[in-house]
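Trainee: For the protein sequence lines, the chains are R and U, in the order given.
All residue numbers for the first sequence refer to our numbering, where the first residue is 441 and numbers rise by one.
All residue numbers for the second sequence refer to our numbering, where the first residue is 72 and numbers rise by one.
After the C-alpha cells below, expect a handful of questions from me.
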Amino acid sequence: MNLFRILGDLSHLVSIFILLQKMRSTRSCAGISLRTQILYLMVYCTRYLDIFWTFNASLYNSSMKLVFILSTAYTIYLMRTVYKTALDPQIDTFATYYLVGGAGLLAVLFPYKYTVYEVLWSFSIWLESVAILPQLFMLQRTGEAETITTHYLFALGAYRALYIPNWLYRWFLEGHFDPIATVAGIIQTLLYSDFFYIYYTKVLKGKKFELP
Amino acid sequence: EHVVRGHDEL
Numbered sequence: 441m442n443l444f445r446i447l448g449d450l451s452h453l454v455s456i457f458i459l460l461q462k463m464r465s466t467r468s469c470a471g472i473s474l475r476t477q478i479l480y481l482m483v484y485c486t487r488y489l490d491i492f493w494t495f496n497a498s499l500y501n502s503s504m505k506l507v508f509i510l511s512t513a514y515t516i517y518l519m520r521t522v523y524k525t526a527l528d529p530q531i532d533t534f535a536t537y538y539l540v541g542g543a544g545l546l547a548v549l550f551p552y553k554y555t556v557y558e559v560l561w562s563f564s565i566w567l568e569s570v571a572i573l574p575q576l577f578m579l580q581r582t583g584e585a586e587t588i589t590t591h592y593l594f595a596l597g598a599y600r601a602l603y604i605p606n607w608l609y610r611w612f613l614e615g616h617f618d619p620i621a622t623v624a625g626i627i628q629t630l631l632y633s634d635f636f637y638i639y640y641t642k643v644l645k646g647k648k649f650e651l652p
Numbered sequence: 072e073h074v075v076r077g078h079d080e081l
C-alpha cells in the first residue's frame, strides 16, 4: 500500500459521497447518467466477486468493495425511485451495448487465466475504463453541468489517475506489474482529459462548467 | 513474465 493508492481509493470514496450529496441537496439526479451508474454496478459486481472467498486479503479491501457495490446499488435505486422525475432518457442515450460487448471481447481475448473469475475480472477492468462515456456524452449534449456534479466527476476521474503513479511505484519498488489494469487505467484517464482541462480552467477558477 | 500476485487493488 502506498500513498497514491490510498489517495486514489479515498478519492473514489469521496466521489460517491459527493454524488449522494448532489442528489440530496438538489433533490434531483439531473445531469447524472443512469447508464454510467448501471455500468459501474456491473464493474463492481464482476470484479469484487472475491469478497466471498478472500476475507483474509484485508479488511480494508473487503470493506471498500462492499461500500462500492452497496453505494452504487443505492444510487441506482434512488435514481429509479425517489428522483426518477429528473431522469431524461432523451439525453442519456449512449449505446452502452457496445461498451459491454467490447469489454467482453477484450476480457475473453486477454485474461490472465481462463477461469470464470479471471475473465470477469478482466471484463470489469475494461468496462470500468469506458463506463464514464455515457456520462461524458450526456455532459456534451447538455453543454453544462452543476458545479457539484463536476466535483463528483473530478473525484471519480482522479481515482484512476492516482492509480497510475501507484502502478509505477509498485513496478519499480515491488516488481509488481499488472499490464491489463495499467493499460485500461491509462485509457480511462485519457478519456477524462478534456473534462479535467475544463474543470481546471473553469470550475477551479469559480466559473460555471460550460463547454465551449 | 509479468508478475500478478492476485488482484489486491480496488
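Think of the CB as a built atom: it goes at the ideal place given N, C-alpha and C, for glycine as much as any other residue.
(1) Could you tell me whether the Cβ atoms of M578(R) and D532(R) are closer together than 8 Å?
(2) Within 10 angstroms of the Cβ of G448(R), are there 16 or more other Cβ atoms? Answer buried if so, exposed if not.
(3) For the candidate residues H452(R), Y537(R), I472(R), I509(R), whose alpha-carbon lies nearest to that of D490(R)?
(4) Between which two residues does the alpha helix (DSSP H) holding F508(R) run?
(5) Between T474(R) and Y639(R), what straight-line distance do the alpha-carbon atoms span, to the nearest angstrom?
(6) Tell me, please, whether the region 527 to 547 of chain R touches the region 562 to 577 of chain R by the rule of three or more beta-carbon pairs shorter than 8 Å.
(7) Sort R467(R), F594(R), I572(R), M519(R) by Cα distance to L539(R) and report the nearest one.
(8) When you compare only the Cα positions, how much space is there between L450(R) and L459(R)?
(9) Using a Cβ-Cβ cutoff of 7 Å, what residues of the region 622 to 639 of chain R are near chain B? List them in chain order.
(10) Can you name, in chain order, every residue of its own chain whose Cβ lies under 6 Å from the Cβ of K648(R), other than the five neighbours on each side?
(11) So, under 8 Å CB-CB, Y554(R) and T512(R) are touching, yes? Tell me the CB distance rounded to an integer number of Å.
(12) Which of the three DSSP states, helix, strand or coil, is assigned to A585(R)?
(13) Smallest Cα separation from E584(R): which of M463(R), W607(R), G471(R)?
(14) Could you tell me the distance, in whole angstroms, from the CA atom of M519(R) to the CA atom of G646(R)?
Mentor: Well, looking at it:
(1) Closer than 8 Å, so yes.
(2) Label assigned to G448(R): buried.
(3) Of the listed residues, the one whose Cα sits closest to D490(R) is I509(R).
(4) 499 to 520 is the span of the alpha helix (DSSP H), which, as asked, contains F508(R).
(5) Note that residue 474(R) corresponds to Leu in the displayed sequence, not to Thr. The straight-line gap from Cα to Cα measures roughly 22 Å.
(6) Between the region 527 to 547 of chain R and the region 562 to 577 of chain R, the count of Cβ pairs shorter than 8 Å is three or higher; the stretches touch.
(7) Answer by Cα proximity: I572(R).
(8) Answer to the nearest angstrom: the Cα atoms are 14 Å apart.
(9) Protein chains in the displayed structure are R and U, and chain B is not among them.
(10) Apart from the 5 residues on each side of it in sequence, K648(R) has no Cβ closer than 6 Å to any other Cβ in its chain.
(11) Distance from Y554(R) to T512(R) at the Cβ level is roughly 28 Å; contact not present, criterion being Cβ atoms closer than 8 Å.
(12) Reduced to three states, the DSSP call for A585(R) is strand.
(13) Nearest option by C-alpha distance: G471(R).
(14) Their Cα atoms are separated by approximately 28 Å.
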